[in-house]
Amino acid sequence: MTAEIRTGGVMRLPLTDVEARMAAQPPGTRLEELLDVFEVFASGALSDEVYVLEDVAGKRIAIAPREVKERYRTPS
């Protein structure tokens with residue numbers, strides 16, 4: 001990642017970096033795998049960043065723009 005910003009247990013990743021990394025992964029790679037998080041939650045308010053939170057109820061999670069989470073979700 002070229003421009004991650006860390007503040008008090010929160011890492012902010014530019015969406016362009018996350019999408020570039022996803023494009024370099026094998027097909028079917030989950031966003032959770034790429035970010036090394038337990039779960040990715042969707043946000044209607046985010047548009048250009050993905051947040052990674054280090055300790056939410058003991059787990060590492062991410063919050064991504066809704067469209068990004070939907071694009072990379074695993075089909076049921």
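The numbers in our numbering rise by one with no breaks, and the one at position 31 of the sequence shown is 31. Glycine residues also receive a C-beta, built at the ideal position from the N, C-alpha and C atoms. Computed from a predicted model, the values in this text were never measured in an experiment.
Per DSSP, the unbroken alpha helix (DSSP H) holding residue 21 starts and ends at 15-23. For residue 71, the enclosing alpha helix (DSSP H) stretches over residues 66-71.
At least 8 Å separates the beta-carbon of residue 50 from that of residue 42. Nearest neighbour of residue 73 by Cα position, chosen from 12, 29 and 23, turns out to be 29. Under the DSSP assignment, residue 53 falls in the beta strand (DSSP E) whose first and last residues are 49-56.
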